[in-house]
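K.L.:
Pasting in a structure now, in structure tokens, and then I'll have a few things to ask.
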Amino acid sequence: MKILMWLLVMVLTVSLQSTVIPAISAGGVHPDFVMVVVVLAALMGGRETGVLCGVVGGLLQDLLSVGPFGVHTLTKMTLGLLLGFYERKVNQGNLLLPMLAIVAGTVGSGLLSALFLLAYGLAGAIPALFLRMAPVTAYHLLLAAPVYAALIWLKRFRASKMGG
Numbered sequence: 069m070k071i072l073m074w075l076l077v078m079v080l081t082v083s084l085q086s087t088v089i090p091a092i093s094a095g096g097v098h099p100d101f102v103m104v105v106v107v108l109a110a111l112m113g114g115r116e117t118g119v120l121c122g123v124v125g126g127l128l129q130d131l132l133s134v135g136p137f138g139v140h141t142l143t144k145m146t147l148g149l150l151l152g153f154y155e156r157k158v159n160q161g162n163l164l165l166p167m168l169a170i171v172a173g174t175v176g177s178g179l180l181s182a183l184f185l186l187a188y189g190l191a192g193a194i195p196a197l198f199l200r201m202a203p204v205t206a207y208h209l210l211l212a213a214p215v216y217a218a219l220i221w222l223k224r225f226r227a228s229k230m231g232g
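With the sequence shown counted from 1, adding 68 to any position gets you the numbering used here.
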């Protein structure tokens, strides 16, 4: 049941990423809502949850994207795995580690994307990726607290209704 919950969260997240998020972009810069949810899910549920959310969210993004197939999947899966190692370090009442993880995830996502773009022979897209890093990080930080609160609520709701 836990897997089903995270699958539904990622389908909803990708749906919002492709419909609502473009409407809140400024100057052609928009947040990667899927990355935010993958990072927070990994912190809350560990490596397995992080990888699951990263693969599902990234794959759905790749299917809806015109970019090179696999970049979103590999990037999100890697972030989910790496940040999932910090699961036990998170106190759900404290936002410091999730906020730091969002910054690390944003920078890590940019670096991984650049690496994969190089592998695809698309080095020309990399400068624009790094020019957008600061505003994208700001967007991610604005989204992180309400998304984290919603995921904590969902996790507690599921635990109360389903016994863990």
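For every residue, glycine included, the Cβ atom is placed at its ideal position computed from N, Cα and C.
According to the neighbour-count rule (16 or more other Cβ atoms, all chains shown, within 10 Å of its Cβ), is Val14 buried or exposed?
P.N.:
Lying before the first or after the last residue shown, residue 14 is absent from the chain, which here runs from 69 to 232.
K.L.:
Spell out the partners DSSP gives Ala94 in its beta bridges.
P.N.:
Val97, per the DSSP bridge assignment.
K.L.:
Please report how far the alpha carbon of Leu183 lies from the alpha carbon of Leu150, in whole angstroms.
P.N.:
Going by the C-alpha atoms only, they are around 17 Å apart.
K.L.:
If you drop the 5 nearest sequence neighbours on each side, which residues of the same chain put their C-beta closer than 6 Å to that of Gly192?
P.N.:
Hits under 6 Å: none found.
K.L.:
Measuring straight from C-alpha to C-alpha, what distance separates Gly189 and Gln85?
P.N.:
In a straight line, the C-alpha of Gly189 is about 26 Å away from that of Gln85.
K.L.:
Can you tell me where the alpha helix (DSSP H) with Val158 in it begins and where it stops?
P.N.:
Where Val158 is concerned, there is no enclosing alpha helix (DSSP H), given that its DSSP letter is neither H nor E.
K.L.:
Can Leu222 and Val88 be called in contact, C-beta distance under 9 Å?
P.N.:
Cβ atoms of Leu222 and Val88: not closer than 9 Å.
K.L.:
Can you confirm whether the stretch 153–165 touches the stretch 91–101 when touching is taken to mean that 3 or more C-beta pairs between the two stretches lie within less than 8 Å?
P.N.:
No, the stretch 91–101 does not touch the stretch 153–165.
K.L.:
Compute the Euclidean distance between the alpha carbons of Thr205 and Ala227, then round it to the nearest angstrom.
P.N.:
Between Thr205 and Ala227, the C-alpha separation is close to 32 Å.
K.L.:
Do the stretch 105–122 and the stretch 141–156 make contact, defined as three or more Cβ pairs closer than 8 Å?
P.N.:
Touching, yes, given that three or more Cβ pairs across the two stretches are closer than 8 Å.
K.L.:
Under the rule that 16 or more other beta-carbon atoms within 10 Å means buried, what is Ala217, buried or exposed?
P.N.:
By the neighbour-count rule (16 or more Cβ atoms within 10 Å), Ala217 is not buried but exposed.
K.L.:
Enumerate, from N- to C-terminal direction, the unbroken beta strand (DSSP E) stretches of 3 or more residues contained entirely within the stretch 169–204.
P.N.:
Counting only runs of 3 or more, we get nothing.
K.L.:
Measuring CB to CB, does Arg200 end up less than 9 Å from Phe153?
P.N.:
Not a contact, by the Cβ cut-off of 9 Å.
K.L.:
For Val134, count neighbouring C-beta atoms within 10 Å of its own C-beta (all shown protein chains included) and say buried if the count is 16 or more, exposed if not.
P.N.:
By the neighbour-count rule (16 or more Cβ atoms within 10 Å), Val134 is not buried but exposed.
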